[in-house]
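K.L.:
The opening position of the sequence shown corresponds to residue 1 in the UniProt record's numbering, with each subsequent residue numbered one higher.
Questions regarding the structure given below will be posed in turn.
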Amino acid sequence: MKVFINKNVLESIVTNTNPYLEKRDLSAITSHIYICAKDGVLNIKATDYEIGLAYKLSNAKIVDDGVATANGKKLLDIIKSLKDEDVLLETMNNYLYIKQKNSKYKLPMYKFEDFPEFPTIQNKAKFDIDAVMLGRSLKKILPSIDNNNPKFELTGAMLDIKDGYINIVGTDTKRLSIFKFETQTQNEFSLIIPKKAIHEMQKLFFDKIEIYYDENILIAQSANFEFFTKLINGKYPDYNKVIPKELKTKIMLNRDKISEGIKTISMLSDTIKITIATESITFESIIEDNSEAKTTIEYTTGVQDEISIGVRNKFMLDFLNSIEDDEFEFGFNDNHLAFLLTSKELQTVIMPINL
Numbered sequence: 001m002k003v004f005i006n007k008n009v010l011e012s013i014v015t016n017t018n019p020y021l022e023k024r025d026l027s028a029i030t031s032h033i034y035i036c037a038k039d040g041v042l043n044i045k046a047t048d049y050e051i052g053l054a055y056k057l058s059n060a061k062i063v064d065d066g067v068a069t070a071n072g073k074k075l076l077d078i079i080k081s082l083k084d085e086d087v088l089l090e091t092m093n094n095y096l097y098i099k100q101k102n103s104k105y106k107l108p109m110y111k112f113e114d115f116p117e118f119p120t121i122q123n124k125a126k127f128d129i130d131a132v133m134l135g136r137s138l139k140k141i142l143p144s145i146d147n148n149n150p151k152f153e154l155t156g157a158m159l160d161i162k163d164g165y166i167n168i169v170g171t172d173t174k175r176l177s178i179f180k181f182e183t184q185t186q187n188e189f190s191l192i193i194p195k196k197a198i199h200e201m202q203k204l205f206f207d208k209i210e211i212y213y214d215e216n217i218l219i220a221q222s223a224n225f226e227f228f229t230k231l232i233n234g235k236y237p238d239y240n241k242v243i244p245k246e247l248k249t250k251i252m253l254n255r256d257k258i259s260e261g262i263k264t265i266s267m268l269s270d271t272i273k274i275t276i277a278t279e280s281i282t283f284e285s286i287i288e289d290n291s292e293a294k295t296t297i298e299y300t301t302g303v304q305d306e307i308s309i310g311v312r313n314k315f316m317l318d319f320l321n322s323i324e325d326d327e328f329e330f331g332f333n334d335n336h337l338a339f340l341l342t343s344k345e346l347q348t349v350i351m352p353i354n355l
């Protein structure tokens with residue numbers, strides 16, 4: 001193989017594929033990036049078996065067809081050190097050479113035949129959805145997804161496709177977020193996308209993309225790349241049971257003022273007591289030692305009976321950072337029961353801390 005390619009293009013692709021590599025076992029073929037030059041197209045792939053990403057480039061200058069593999073992290077470190085000029089990738093005697101003028105690097109290759117095959121869209125249903133909207137929706141509920149839960153299904157986001165709308169749901173059992181958007185749907189079904197895959201989808205879902213799926217795999221294809229992720233098999237909890245059906249009190253609050261009050265207390269404490277009175281809102285730290293932080297803002301809420309709740313700062317801030325509107329709705333029943341934050345299509349149910 002002998003290929004000339006723009007340094008910045010190569011660096012961008014190798015950077016984007018690095019999260020897909022096996023990091024723990026460097027002897028595995030999946031710790032390597034797969035590079036194939038054939039029929040005027042340069043293919044670059046990476047996968048850890050759970051997720052995968054492949055790029056197709058037609059603007060690289062292919063002198064000789066061929067296949068190579070290289071440790072993804074080492075290859076990225078080398079490319080970053082090079083100047084903004086074309087780079088030569090060349091294979092000789094089971095090594096990949098990376099050359100640029102007077103600089104030359106050599107990396108050992110593994111057997112490219114051992115590199116895993118990517119899944120195909122054959123026999124998979126097409127998911128007709130606006131990929132940009134899907135990426136935006138997943139981002140809003142991402143903070144609520146659990147990172148490490150024995151119930152594996154809770155480490156992903158559920159897409160619950162209904163007649164005429166889709167609910168995208170994430171929970172860590174202490175809070176639950178739902179983003180609902182109306183769209184044409186053909187079939188009612190649900191699937192669970194792993195959190196790691198969602199992080200990567202944020203970087204990719206901004207163009208015209210076709211999405212395919214079955215019970216085990218989701219595949220996204222554009223003109224330039226192909227992405228896949230294994231889906232989580234499991235029974236997602238009935239999230240509708242968590243959402244309060246009725247609310248005794250509903251208050252419209254200002255996003256920036258509430259965010260400022262919480263951040264003021266966050267310097268000392270990661271949990272907070274919020275007291276909502278008729279003409280003010282007070283934020284107080286919840287700390288076991290004798291230190292204290294407290295601030296009050298003037299704000300007309302209109303409540304007749306004072307409301308006090310304890311909550312983790314992060315839960316509130318994650319919601320506030322996910323919304324665009326200046327105001328949001330705070331729904332409350334009792335300080336021992338879950339309360340509801342709402343802004344347009346996004347709802348977050350949060351379990352309070354006992355005061």
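Note that CB positions come from ideal geometry on N, CA and C, so glycine has one too.
Remember, it's a predicted structure, so these values are computed and weren't measured experimentally.
My output table needs one value for G40: the three-state DSSP class, helix, strand or coil.
P.N.:
If DSSP states are grouped into helix, strand and coil, G40 belongs with coil.
K.L.:
Measuring only the C-alpha atoms, how far is I62 from Y236?
P.N.:
Going by the C-alpha atoms only, they are around 48 Å apart.
K.L.:
Is it true that the CB of I265 sits closer than 8 Å to the CB of I276?
P.N.:
No; because the gap between Cβ atoms is not below 8 Å, this pair is not in contact.
K.L.:
Within 10 Å of its beta-carbon, does T120 have 16 or more other beta-carbons around it, so buried, or fewer, so exposed?
P.N.:
With fewer than 16 other Cβ atoms within 10 Å, it is exposed.
K.L.:
Using CA atoms only, rank isn't needed, just tell me which of I211, N216, I232, T229 is closest to S222.
P.N.:
When each option's Cα is compared against that of S222, the closest is I211.
K.L.:
Taking 8 Å as the CB-CB cut-off, is L134 touching chain D?
P.N.:
You won't find chain D in this structure, because it holds only one protein chain.
K.L.:
Among the candidates A28, F330, T295, I286, whose CA atom is the shortest distance from the CA of L253?
P.N.:
Closest option to L253, Cα to Cα, is F330.
K.L.:
Report buried or exposed for A125, applying the criterion of at least 16 other Cβ atoms within 10 angstroms of its Cβ.
P.N.:
Burial call: exposed.
K.L.:
Quick check: the segment 78-98 against the segment 1-13, are at least 3 beta-carbon pairs closer than 8 Å?
P.N.:
These segments touch.
K.L.:
On a CA-only basis, which of L268, E260, K195 is nearest T296? Give me that one, please.
P.N.:
It is E260 whose Cα lies nearest to the Cα of T296.
K.L.:
From M201 to K140, what does the alpha carbon distance come to, in whole angstroms?
P.N.:
Each residue's alpha carbon lies about 13 Å from the other.
K.L.:
Does DSSP classify L154 as helix, strand or coil?
P.N.:
Of the three classes helix, strand and coil, the one that applies to L154 here is helix, per DSSP.
K.L.:
Are the beta-carbon atoms belonging to N16 and K250 less than 8 Å from one another?
P.N.:
No, the Cβ-Cβ distance between N16 and K250 is not below 8 Å.
K.L.:
On the premise that L159 lies in contact with I145, defined as a C-beta separation below 8 Å, what is that separation, rounded to the nearest angstrom?
P.N.:
Not confirmed; about 13 Å, so no contact.
K.L.:
My understanding is that F205 touches E345, with C-beta atoms under 8 Å, so please give their C-beta distance in whole angstroms.
P.N.:
That pair is no contact at about 17 Å.
K.L.:
With DSSP as the reference, please indicate the residues paired to F228 in a beta bridge.
P.N.:
F228 pairs with G52, I219.
K.L.:
Check whether the Cβ atoms of Y299 and S322 sit closer than 8 Å, and answer yes or no.
P.N.:
No, the Cβ-Cβ distance between Y299 and S322 is not below 8 Å.
K.L.:
Report the option in L317, E113, L268 whose CA atom is closest to the CA atom of E288.
P.N.:
Out of L317, E113, L268, L268 has the C-alpha closest to the C-alpha of E288.
K.L.:
Express the C-alpha separation of Y95 and E215 in angstroms, rounding to a whole number.
P.N.:
Cα to Cα, E215 sits roughly 40 Å from Y95.
K.L.:
Can you give the Cα-Cα distance for P116 and I51, rounded to whole angstroms?
P.N.:
The straight-line gap from Cα to Cα measures roughly 11 Å.
K.L.:
In the DSSP assignment, what are the bridge partners of K99?
P.N.:
Paired residue(s): L88, K104.
K.L.:
In terms of residue numbering, what span does the alpha helix (DSSP H) encompassing V9 cover?
P.N.:
That run of the alpha helix (DSSP H) goes 7-17.
K.L.:
Are the segment 10-27 and the segment 100-109 touching, with three or more C-beta to C-beta distances below 8 Å?
P.N.:
With the cut-off at 8 Å, the segment 10-27 and the segment 100-109 do not touch.
K.L.:
Could you give the C-beta distance for R255 and D326, rounded to a whole number, given that I count them as a contact under 8 Å?
P.N.:
About 6 Å separates the two Cβ atoms, so the contact holds.
K.L.:
By the three-class DSSP mapping on this structure, what secondary structure does L247 have?
P.N.:
Here L247 sits in coil by DSSP.
K.L.:
Pick from E284, H336, N313, N71: whose alpha carbon is nearest that of S27?
P.N.:
Checking every option, the nearest Cα to that of S27 belongs to N71.
K.L.:
For L355, count neighbouring Cβ atoms within 10 angstroms of its own Cβ and tell me buried if that reaches 16, exposed if not.
P.N.:
So L355 counts as exposed.
K.L.:
Could you give the uninterrupted runs of the alpha helix (DSSP H) lying entirely in the segment 295-354, keeping only those of 4 residues or more?
P.N.:
Whole alpha helix (DSSP H) segments, 4+ residues: 313-322.
K.L.:
Determine the burial state of G40: buried for a count of at least 16 other Cβ atoms within 10 Å of its Cβ, exposed for fewer.
P.N.:
Exposed is the call here.
K.L.:
Closest to F339 by C-alpha separation, out of L247, A37, R136, D65, would be which residue?
P.N.:
For the residues L247, A37, R136, D65, the minimum Cα distance to F339 belongs to L247.
K.L.:
Return the first residue and the last residue of the alpha helix (DSSP H) that D128 is part of.
P.N.:
Where D128 is concerned, there is no enclosing alpha helix (DSSP H), given that its DSSP letter is neither H nor E.
K.L.:
Given a threshold of 16 other Cβ atoms within 10 Å of its Cβ, counted over all protein chains shown, does I33 qualify as buried or as exposed?
P.N.:
Its Cβ being crowded by 16 or more others within 10 Å, I33 is buried.
K.L.:
Terminal residues of the continuous alpha helix (DSSP H) containing S81?
P.N.:
Counting along the chain, the alpha helix (DSSP H) containing S81 begins and ends at 72-81.
K.L.:
Name the one or two DSSP bridge partners that F205 has.
P.N.:
Its beta-bridge partners do not exist; DSSP assigns none.
K.L.:
Just how far apart, CA to CA, sit S31 and N123?
P.N.:
C-alpha separation (whole angstroms): 29 Å.
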